[in-house]
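In what follows, a single structure is set out as structure tokens and then discussed.
Number of protein chains: 2
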Amino acid sequence: MPQLASYLCGAFATGKGEMVPLLNPATEEVVAHAGCGGVDLGAALRFAREQGGPALRALTFAQRGELLAKLASTIADHRDELIETSVANGGTTRGGGKFDIDGAAGTLQAYAELGKKLGAARELVDGEPVLIGRGAKLAGRHAWLAREGVAVLINAFNFPAWGFAEKAATALLAGMPVINKPATATAWTAVRLAELLVAANVLPAGAFQQLLGGVGPLLDALGPQDVVAFTGSSATGTTVRSLPALLRHGVRVNVEADSLNAAVVGGGVEPGSSAWQTLLRDVVREMTEKSGQKCTATRRVIVPEALVAPLVEELADRLGALKIGNPANKEVELGPLATRQQRDDLHAGCARLRKSCEVAFGVERPATLIDVPAGKGFFAGPMLFVARDAKAVDETHRDELFGPVTTIVPYSGAPNDAIALVGRGGGMLVTSVYAEARDWCETVAKGIAPWVGRVCLVDSKSEGITLPPGMVLPDLIHGGPGRAGGGEELGGARGLHHFMGRTAFEGPRALVERLFGAGT
Amino acid sequence: MPQLASYLCGAFATGKGEMVPLLNPATEEVVAHAGCGGVDLGAALRFAREQGGPALRALTFAQRGELLAKLASTIADHRDELIETSVANGGTTRGGGKFDIDGAAGTLQAYAELGKKLGAARELVDGEPVLIGRGAKLAGRHAWLAREGVAVLINAFNFPAWGFAEKAATALLAGMPVINKPATATAWTAVRLAELLVAANVLPAGAFQQLLGGVGPLLDALGPQDVVAFTGSSATGTTVRSLPALLRHGVRVNVEADSLNAAVVGGGVEPGSSAWQTLLRDVVREMTEKSGQKCTATRRVIVPEALVAPLVEELADRLGALKIGNPANKEVELGPLATRQQRDDLHAGCARLRKSCEVAFGVERPATLIDVPAGKGFFAGPMLFVARDAKAVDETHRDELFGPVTTIVPYSGAPNDAIALVGRGGGMLVTSVYAEARDWCETVAKGIAPWVGRVCLVDSKSEGITLPPGMVLPDLIHGGPGRAGGGEELGGARGLHHFMGRTAFEGPRALVERLFGAGT
Numbered sequence: 015m016p017q018l019a020s021y022l023c024g025a026f027a028t029g030k031g032e033m034v035p036l037l038n039p040a041t042e043e044v045v046a047h048a049g050c051g052g053v054d055l056g057a058a059l060r061f062a063r064e065q066g067g068p069a070l071r072a073l074t075f076a077q078r079g080e081l082l083a084k085l086a087s088t089i090a091d092h093r094d095e096l097i098e099t100s101v102a103n104g105g106t107t108r109g110g111g112k113f114d115i116d117g118a119a120g121t122l123q124a125y126a127e128l129g130k131k132l133g134a135a136r137e138l139v140d141g142e143p144v145l146i147g148r149g150a151k152l153a154g155r156h157a158w159l160a161r162e163g164v165a166v167l168i169n170a171f172n173f174p175a176w177g178f179a180e181k182a183a184t185a186l187l188a189g190m191p192v193i194n195k196p197a198t199a200t201a202w203t204a205v206r207l208a209e210l211l212v213a214a215n216v217l218p219a220g221a222f223q224q225l226l227g228g229v230g231p232l233l234d235a236l237g238p239q240d241v242v243a244f245t246g247s248s249a250t251g252t253t254v255r256s257l258p259a260l261l262r263h264g265v266r267v268n269v270e271a272d273s274l275n276a277a278v279v280g281g282g283v284e285p286g287s288s289a290w291q292t293l294l295r296d297v298v299r300e301m302t303e304k305s306g307q308k309c310t311a312t313r314r315v316i317v318p319e320a321l322v323a324p325l326v327e328e329l330a331d332r333l334g335a336l337k338i339g340n341p342a343n344k345e346v347e348l349g350p351l352a353t354r355q356q357r358d359d360l361h362a363g364c365a366r367l368r369k370s371c372e373v374a375f376g377v378e379r380p381a382t383l384i385d386v387p388a389g390k391g392f393f394a395g396p397m398l399f400v401a402r403d404a405k406a407v408d409e410t411h412r413d414e415l416f417g418p419v420t421t422i423v424p425y426s427g428a429p430n431d432a433i434a435l436v437g438r439g440g441g442m443l444v445t446s447v448y449a450e451a452r453d454w455c456e457t458v459a460k461g462i463a464p465w466v467g468r469v470c471l472v473d474s475k476s477e478g479i480t481l482p483p484g485m486v487l488p489d490l491i492h493g494g495p496g497r498a499g500g501g502e503e504l505g506g507a508r509g510l511h512h513f514m515g516r517t518a519f520e521g522p523r524a525l526v527e528r529l530f531g532a533g534t
Numbered sequence: 015m016p017q018l019a020s021y022l023c024g025a026f027a028t029g030k031g032e033m034v035p036l037l038n039p040a041t042e043e044v045v046a047h048a049g050c051g052g053v054d055l056g057a058a059l060r061f062a063r064e065q066g067g068p069a070l071r072a073l074t075f076a077q078r079g080e081l082l083a084k085l086a087s088t089i090a091d092h093r094d095e096l097i098e099t100s101v102a103n104g105g106t107t108r109g110g111g112k113f114d115i116d117g118a119a120g121t122l123q124a125y126a127e128l129g130k131k132l133g134a135a136r137e138l139v140d141g142e143p144v145l146i147g148r149g150a151k152l153a154g155r156h157a158w159l160a161r162e163g164v165a166v167l168i169n170a171f172n173f174p175a176w177g178f179a180e181k182a183a184t185a186l187l188a189g190m191p192v193i194n195k196p197a198t199a200t201a202w203t204a205v206r207l208a209e210l211l212v213a214a215n216v217l218p219a220g221a222f223q224q225l226l227g228g229v230g231p232l233l234d235a236l237g238p239q240d241v242v243a244f245t246g247s248s249a250t251g252t253t254v255r256s257l258p259a260l261l262r263h264g265v266r267v268n269v270e271a272d273s274l275n276a277a278v279v280g281g282g283v284e285p286g287s288s289a290w291q292t293l294l295r296d297v298v299r300e301m302t303e304k305s306g307q308k309c310t311a312t313r314r315v316i317v318p319e320a321l322v323a324p325l326v327e328e329l330a331d332r333l334g335a336l337k338i339g340n341p342a343n344k345e346v347e348l349g350p351l352a353t354r355q356q357r358d359d360l361h362a363g364c365a366r367l368r369k370s371c372e373v374a375f376g377v378e379r380p381a382t383l384i385d386v387p388a389g390k391g392f393f394a395g396p397m398l399f400v401a402r403d404a405k406a407v408d409e410t411h412r413d414e415l416f417g418p419v420t421t422i423v424p425y426s427g428a429p430n431d432a433i434a435l436v437g438r439g440g441g442m443l444v445t446s447v448y449a450e451a452r453d454w455c456e457t458v459a460k461g462i463a464p465w466v467g468r469v470c471l472v473d474s475k476s477e478g479i480t481l482p483p484g485m486v487l488p489d490l491i492h493g494g495p496g497r498a499g500g501g502e503e504l505g506g507a508r509g510l511h512h513f514m515g516r517t518a519f520e521g522p523r524a525l526v527e528r529l530f531g532a533g534t
């Protein structure tokens, strides 16, 4: 059985901390042990800051991009093996595992290409030089330079590969060394990934390290040049952001948190239409992919009252046809949740929702589970709730149910009502808008935007063109205000800014223009 | 004697809180009373969010810019009167008062012009549309939209006009209503300014309010669409940032804090040269303007050992010739500090510095003070310290002495030593580099940049061209990492981003391009 270890200061070592068992969530069998803690964090920080950082900053963007391309191809070359650990330790279907692994490789590759495009520079200029005052002899210019600390990447259990890759791709391309902290419950994929990346021997010493176990002492030792990039629950994000050591030193903290993402239907969408078909595809996909354990999954479907009955009927048909069970069986389409705690939290949330919603489809634990030992596994059946009173219900706008569950919220169909309901979620990573009428679409898209990090538009010409809203893209920002954490990741070059500092250079024009060249 | 009042919900009212006496810091006479607290903060927040915000967001950038132009001209029209309050309540010389008032009008005017340039739009597009995937049918685009909350502006005692104007110009142009919180000790200028702006009747109802007294309860009531823009000490900035209500709701907090700004001399600068003359001008200006009470003032002068003696001699000559006293006398060039507390804090800091530094010039309280009653006034003499051992001394890199005081830190002249010494300040708003050799200048400028918000370059061709480093410019960012607060203000359109949220719009190309037009 694998003994999983941290990779610090250039070596895998289990440390002197406790050994934590990792389970197969479909069978509850122990599949690996992770050695957590008992390591020298001070040495790891010095290794990153004193060796990894200077080595990365000495490279051009193009050279850093070449490293990312090699990381991407290393992952692609070992795709099947990584999918296996994802199924065995994460409880994902093969499709869910691919989504994570391919997402990781794709994101690294996208940033490899950005590095190539940014070329021989080491800093990102920000705009053209501006002339100051009369006479045109004094100028100013802004540029982003890599921070001189370490980027601590804290990832959630649901995307051990992709979550790491989107943070590492941007940090490394920016010129910052990383210490990755995977979630312990699903750390097998993260550790296997680390072993592959280390074996590929691509990165300079100190550029990549990985820590299993508690991250608190590491965070307490950070300073003003360091960065924390966190993905996880809104509550844990607030805890991280509130750590006195981080606040005292002004450590930059980026939080990407689960949120009450919505799908909004209106503007003339009719059952059976093209936009309707896309809606059905998206809702089922977002409810079931990775068993609904995605921070971008759709938690609320805001639908004109007249469409509730046909929507429930069609969704129930599709959800009822799903094969649920142990994803080691390749026919299975919906696996278990990742941990006992996730399952218990979800079912507690369902009990709260039952008070203000009707259950239109599903049960907490399906009676039939394929290839699962009796009574075992952290399973949750797909469930469709319908809010009795869209305005009175609080739970569906407040409690994130992190599983294959969504709530249909009936409303009038008026744009302002749709906007108000979306806003009640308090800040979302993504919201999708399904409409035939372009004015309706535009009004709602701009009206909800202050509450949403990414707005996905679907109309009658979208079938087969648009991607499901839960798909995070390297060229578009991933994050959202308020409840969603108030942070941002990715978005092309925007994603590098979190790992760099912006400085204004001011002085005689010739001197300023000499620093980064006269123009971009 | 003036009774100063908050301006909330469209009316000036002293509220039911305490009356606080405001002093003339040169004479300790009471010049006004401020009515602090005892007001309905909930009503003020609703007024801003429900009336001010929607009214501003309904305007285009050009229209918002027109409002700013009228505010700028209102201030310019009442310049002399505002300078008078600045002298009487702030203890500034007329020159120091002008710096604040003209800075306020100039910043508002600069953003008025930016509004005109941004034209008929209400949102800021961020980059061109990007095509996603193969087939070029799916596109994404980023745009900044105004946040739907209120911007709470917390300003320091030293810039009651400019500090307000730089925050208000950016917030109002972005489309956010403001509640300004001036420092109580120097609130007379802020209140007179508010009276003038209200009398000009330019802004929509709810767009501008002002609160005297404690801001804590207001901050506790903020939510995810609100913004706090703070200027003040690093310690108070950390306190604000650490408020649980702000952390829980992910309220955006921008901190601009005092810091240990440096001037670095090297790269072949000789006494008597052009760069040397600019250095002398800058150091004296930054030590004495507003009695050194500027967050951008130069606290450390990092100088090759061989230049210490001639630098001390020339600075002492200039500082020794200053006329110090009551700035009501127009001959006075250096006034008192703003409050008793500021004076006591400064003198405590001088006592600490005396342990590791020589006093090369000056005393804590000058013997001769023009037009000052015996023993009265919060005076501090200009003082020049020289660190005995640049590497051993901690105080000069750690303690900000907020007054007409600076420390000369001798060093080797090597770029890496200069960079390391600058970095010991832990994050600066501004650092100026005086060098003849362009390579030396470039190495040091880029080397210190991760620690500095704005780097000012001076060479042999700078005389009469460059501005003193303490001058904040609307086109360049104002802020800095770590100790300097980790925030940013101004920087042209960059300054609007703090009051807006960035959203990615994704969908069929035609739909995405329709939202904001096909190109910029």
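Line order of the protein sequences matches chains A and B.
Going by my numbering, the first residue of the first sequence is number 15, and it counts up by one from there.
Going by my numbering, the first residue of the second sequence is number 15, and it counts up by one from there.
Quick reminder that beta carbons are idealized off the backbone N, C-alpha and C, glycines included.
For secondary structure counted as the alpha helix (DSSP H) over 4 or more consecutive residues, the region 249–333 of chain B holds these complete runs in sequence order: 258–262 and 288–302. At least one CB of chain A lies nearer than 8 Å to the CB of ASP489(B). Proximity of THR250(B) to chain A, defined by a Cβ-Cβ separation below 8 Å, is not satisfied. Annotation for LYS130(B): ALA76 and GLY79 place their beta carbon closer than 7 Å to its own, counting only its chain and skipping 5 residues before and after. With a threshold of 16 other beta carbon atoms within 10 Å, THR480(A) meets it and is buried. Within the region 148–167 of chain A, GLY149, LYS151, LEU152, GLY154, HIS156, ALA157, LEU159, ALA160, ARG161 and GLU162 place their CB atoms closer than 8 Å to a CB of chain B, listed in sequence order. Under a 10 Å Cβ-count criterion, GLU450(A) is classified as buried, with 16 or more other Cβ atoms of the shown protein chains found around its own Cβ. In the displayed model, LYS195(A) falls within a strand according to three-state DSSP. Taking 8 Å as the cut-off, the Cβ atoms of THR292(B) and VAL472(B) count as close. Per DSSP, the unbroken beta strand (DSSP E) holding ASP140(A) starts and ends at 138–146.
Distance from the CA atom of PRO495(A) to the CA atom of LEU525(A), rounded to whole angstroms, is 40 Å. Look at the beta carbons and you see the region 194–208 of chain B touching the region 222–229 of chain B: at least three pairs across the two are nearer than 8 Å.
Annotation for GLY31(A): CYS50, GLY51, GLY52 and GLY227 place their beta carbon closer than 6 Å to its own, counting only its chain and skipping 5 residues before and after. Listed in chain order, the non-local C-beta contacts of GLY427(B) below 6 Å within the same chain comprise GLY280 and PRO318, local neighbours out to five positions each way being set aside.
Look at ILE433(B): its C-beta is not under 8 Å from any C-beta on chain A.
For chain A, the residues of the region 468–479 of chain B that bring a beta carbon within less than 8 Å of one of its beta carbons are ARG468, VAL469, CYS470, LEU471, VAL472, ASP473, LYS475, SER476 and ILE479, in chain order.
Between the alpha carbons of GLY286(A) and ALA404(A) lies a distance of about 25 Å. Along the region 108–180 of chain B, the beta strand (DSSP E) occurs as fully enclosed runs of 3 or more residues at 138–146, 152–160 and 165–168, listed in sequence order.
Using a CB distance below 7 Å, no part of the region 359–384 of chain B faces chain A. Taking 8 Å as the CB threshold, ALA463(A) lines the interface with chain B. Residues of the region 223–253 of chain A whose Cβ lies closer than 7 Å to any Cβ of chain B, in chain order: PRO238, GLN239 and THR252. Spatial neighbours of LEU159(B) in its own chain (CB-CB distance under 7 Å, excluding positions within 5 residues in sequence) are listed in chain order as GLU137, MET514, GLY515 and THR517.
Remark: C-beta atoms of VAL444(B) and CYS470(B) approach each other more closely than 8 Å. Here GLU80(A) carries a helix assignment [DSSP, helix/strand/coil]. Assignment of beta-bridge partners to PHE244(B) by DSSP yields ILE168(B) and VAL269(B). Three or more beta-carbon pairs separated by less than 8 Å are not found between the region 448–467 of chain A and the region 196–214 of chain B, which leaves the two stretches without contact. Around the Cβ of MET190(A), a 10 Å sphere holds 16 or more other Cβ atoms; the residue is buried. DSSP places GLY230(A) inside the alpha helix (DSSP H), whose first and last residues are 230–234.
Following the DSSP letters along the chain, one finds VAL458(B) inside the alpha helix (DSSP H) bounded by residues 452–462. Between the C-alpha atoms of CYS371(B) and PHE519(B) there is a straight-line separation of about 58 Å. Taking CB atoms only, HIS263(B) has a neighbour in chain A less than 8 Å away. GLY363(B) places its beta carbon less than 8 Å from that of LEU415(B). Bounds of the beta strand (DSSP E) holding PRO424(A) are 419–425.
DSSP places VAL44(B) in the strand class (E or B) of the three-state scheme.
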